[in-house]
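Protein chains in written order, with this note's numbering: chain A, 1 to 142; chain B, 1 to 142; chain C, 1 to 142; chain D, 1 to 142.
Number of protein chains: 4
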Amino acid sequence: MTARRWSEYRLRRRVNFYETDCAGIVHFSWFFRYLEEAEHAMWRAAGLSIASGAGGVGFPRVNASFDYHRPLRFEDEFDVVVRVAAIGQSSMRYDCEIFMGDVRIASGTTSMVCVVRDGAGLKAAPFPPDVISRFEVAPTAP
Amino acid sequence: MTARRWSEYRLRRRVNFYETDCAGIVHFSWFFRYLEEAEHAMWRAAGLSIASGAGGVGFPRVNASFDYHRPLRFEDEFDVVVRVAAIGQSSMRYDCEIFMGDVRIASGTTSMVCVVRDGAGLKAAPFPPDVISRFEVAPTAP
Amino acid sequence: MTARRWSEYRLRRRVNFYETDCAGIVHFSWFFRYLEEAEHAMWRAAGLSIASGAGGVGFPRVNASFDYHRPLRFEDEFDVVVRVAAIGQSSMRYDCEIFMGDVRIASGTTSMVCVVRDGAGLKAAPFPPDVISRFEVAPTAP
Amino acid sequence: MTARRWSEYRLRRRVNFYETDCAGIVHFSWFFRYLEEAEHAMWRAAGLSIASGAGGVGFPRVNASFDYHRPLRFEDEFDVVVRVAAIGQSSMRYDCEIFMGDVRIASGTTSMVCVVRDGAGLKAAPFPPDVISRFEVAPTAP
Chain A
1 MTARRWSEYR
11 LRRRVNFYET
21 DCAGIVHFSW
31 FFRYLEEAEH
41 AMWRAAGLSI
51 ASGAGGVGFP
61 RVNASFDYHR
71 PLRFEDEFDV
81 VVRVAAIGQS
91 SMRYDCEIFM
101 GDVRIASGTT
111 SMVCVVRDGA
121 GLKAAPFPPD
131 VISRFEVAPT
141 AP
Chain B
1 MTARRWSEYR
11 LRRRVNFYET
21 DCAGIVHFSW
31 FFRYLEEAEH
41 AMWRAAGLSI
51 ASGAGGVGFP
61 RVNASFDYHR
71 PLRFEDEFDV
81 VVRVAAIGQS
91 SMRYDCEIFM
101 GDVRIASGTT
111 SMVCVVRDGA
121 GLKAAPFPPD
131 VISRFEVAPT
141 AP
Chain C
1 MTARRWSEYR
11 LRRRVNFYET
21 DCAGIVHFSW
31 FFRYLEEAEH
41 AMWRAAGLSI
51 ASGAGGVGFP
61 RVNASFDYHR
71 PLRFEDEFDV
81 VVRVAAIGQS
91 SMRYDCEIFM
101 GDVRIASGTT
111 SMVCVVRDGA
121 GLKAAPFPPD
131 VISRFEVAPT
141 AP
Chain D
1 MTARRWSEYR
11 LRRRVNFYET
21 DCAGIVHFSW
31 FFRYLEEAEH
41 AMWRAAGLSI
51 ASGAGGVGFP
61 RVNASFDYHR
71 PLRFEDEFDV
81 VVRVAAIGQS
91 SMRYDCEIFM
101 GDVRIASGTT
111 SMVCVVRDGA
121 GLKAAPFPPD
131 VISRFEVAPT
141 AP
């Protein structure tokens, strides 16, 4: 019997007051946190925690970006859709789209790498098998 | 020769864009971070770091409060004045006032306690001598 | 027919990664945002929005405080219970308790005041009837 | 007499406690705020404010990205260098590099567009002359 592999997760979310700025819209830095919330929710759904530290591994981000199409405002309800875009031996990339209903609000991407301590620094390491076996690349969006 | 003891610290600060909310003013949660910035700056001035972990001690907060008198807005320049209000064997209380020029914007207070690990939990412990010797209670404001 | 009056709201929430600090626990400033999330959710449940601006009124905070009993950690699931503690003509006070299961994590309070613009400043104003009619003081906790 | 044109700004900054996460390093979302702090400081140095609203214009972001090379930790002192990378009639792009001493911590970029209200939405508009005249593209880094 094999457990389900995850390639996509959809998180329903509402804009909190403290996420807005004095231009009246969600501050652009928050979209990166929305992405991360959906990513971590997908890991939990897969029975994992990004912070388990099992096997001494960590998952720092290598890059992150967003294109902003439309603003979000206080109390707007929206969806954060995160998809596994690529998986390597020791790195993983997600794509992310934020929607309000059918309207695309923003599109982002982020990559992270699996690392272990190496003296005072860090070095790339293969994903633990119980991590890598729980994810697969999402089919290309139609 | 004895090192100077610290009882007060004044931090000059400017409101960042991301600290404002869609009411056009600094979100009330930020004042607690302003207080903490001034507290940590006083510790640095005293040659200490709240996060040194030396002797296995930590300093969790027991309480924190603010009274809000007037709003702060984007790019306002203000002063955060933190004062040592009380020192015990294993706890310390600060008062904090936030000013814009002569105008009092907010007044707060916070207490923290010195702790060490105790099995799965934490228990109060005396401050390390090199910490407690660097602070003294501020004279009462006139 | 009268609409239900609200005096208490319970919000289920999970700790996000970005809410933790390098001491490994939720930063104390976040509890004030948790309180506000539950407050605004209660207003929405009552058919209101704190940011509607209807009648030109706003609701700035006058004070806010928390006592911290135990830490929260990444991915902990917790409840934020906000209760209407007092209602005046132009001010309202909430109490807040944060629980993880039966364990009390933190207890807080905040007051806000109903204001209208008055020249360059603000002055207290009676709550609009459609706001005040939707809340009532919670019975004292047993 | 012509005022100086700005193409680069360097902001000295120290990591605050609340900017770190339970992995012990600055959360990746904060780099976008560091970039913005340096951007707004450059505008102030140029005698401008991003939030002036003069002429009814606003400056929403179109995209933002960072590549992360090394982590920042609590109390690390670092420099945020923002450079004008491109200026169009109604858009502007900045590059950003974050250094700790000589060590490159992160590299980012962001674009924003000058907009005016257009019914319920926004449309691109030329920069006001007093804005555009204060900036110029930075020479390519050696």
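All C-beta atoms, glycine included, are put in the ideal place defined by N, C-alpha and C. This structure is a prediction, so every number in the text was calculated from the model and none was measured.
- Within chain B, the residues placing a beta-carbon under 8 Å from that of Phe32(C) are Phe28, Ser29 and Phe32, ordered along the chain.
- DSSP places Arg117(D) within a strand segment (E or B) once states are collapsed to three.
- By the Cβ criterion, the segment 55-72 of chain C is in contact with the segment 18-32 of chain C, since at least three pairs of Cβ atoms, one from each stretch, lie closer than 8 Å.
- Beta-bridge partners of Val103(A) (DSSP): Met100(A).
- Taking 8 Å as the threshold, the shortest C-beta distance from Ser49(A) to chain C falls below it.
- Of all residues in the segment 34-66 of chain C, only Glu36, Glu37, His40, Arg44, Ser49, Ile50 and Ala51 come within less than 8 Å of chain A when Cβ atoms are compared, listed by chain position.
- Taking a C-beta cut-off of 8 Å against chain C, the contacting residues of the segment 63-91 of chain A are Phe74 and Glu75, listed in chain order.
- A Cβ-Cβ separation of about 11 Å leaves Val81(C) out of contact with Glu39(C) under the 8 Å criterion.
- Within chain A, the residues whose beta carbon sits less than 9 Å from that of Cys22(D) are Ala51, listed in sequence order.
- In the DSSP annotation of this structure, the continuous segment of the beta strand (DSSP E) that includes Leu11(B) starts and ends at Glu8 to Arg14.
- At least one beta carbon of chain A lies nearer than 8 Å to the beta carbon of Tyr18(B).
- Considering only Tyr18(A), Met42(A), Arg4(A) and Trp30(A), the residue with the shortest C-alpha distance to Arg10(A) is Met42(A).
- Annotation: Asp67(C) to Phe31(A) spans about 31 Å, alpha carbon to alpha carbon.
- Tyr68(D): member of the beta strand (DSSP E) spanning Arg61 to Tyr68, first to last residue.
- If you draw a straight line from the Cα of Ala45(B) to the Cα of Val116(D), it is about 47 Å long.
- With a beta-carbon spacing of about 17 Å, Glu8(B) and Ala106(B) fall beyond the 8 Å limit used to define contacts.
- Cβ atoms of Pro128(D) and Val62(D) stay farther apart than 8 Å, at about 19 Å.
- Nearest in C-alpha terms to Ser52(C), of all of Thr140(C), Phe135(C), Glu136(C) and Val131(C), is Val131(C).
- In the DSSP assignment, Leu122(D) is bridged to Arg117(D).
- According to the DSSP assignment, Ala38(D) belongs to no beta strand (DSSP E) but to the alpha helix (DSSP H) extending over Trp30 to Ala45.
- Taking 8 Å as the upper bound for CB-CB distance, Glu136(D) and Val103(D) are not in contact here, some 29 Å apart.
- In the three-state reduction of the DSSP assignment, Val137(A) falls in the coil class, being assigned neither a helical nor a strand state.
- Beta-bridge annotation (DSSP): Arg83(A) is paired with Glu8(A) and Asp95(A).
- With a threshold of 16 other beta carbon atoms within 10 Å, Ala64(A) meets it and is buried.
- Taking 8 Å as the cut-off, the beta carbon of Asp79(B) is found no closer than this to the beta carbon of Val15(B).
- With fewer than 16 other Cβ atoms inside 10 Å of its own Cβ, Gly47(A) counts as exposed.
- When secondary structure is reduced to three states using DSSP, Gly88(A) falls in the coil class, being assigned neither helix nor strand.
- Shown here, Gly56(A) sits in a helix according to DSSP, grouped into three states.
- By the neighbour-count definition (other C-beta atoms within 10 Å, threshold 16), Thr20(B) is a buried residue.
- Considering only Arg12(D), Trp6(D), Val113(D) and Arg4(D), the residue with the shortest C-alpha distance to Gly101(D) is Arg12(D).
- With 16 or more other CB atoms across the displayed protein chains lying within 10 angstroms of its CB, Thr110(A) is buried.
- The beta carbons of Arg134(B) and Ala54(B) sit no closer together than 8 Å.
- Annotated three-state conformation of Phe127(D) is coil, per DSSP.
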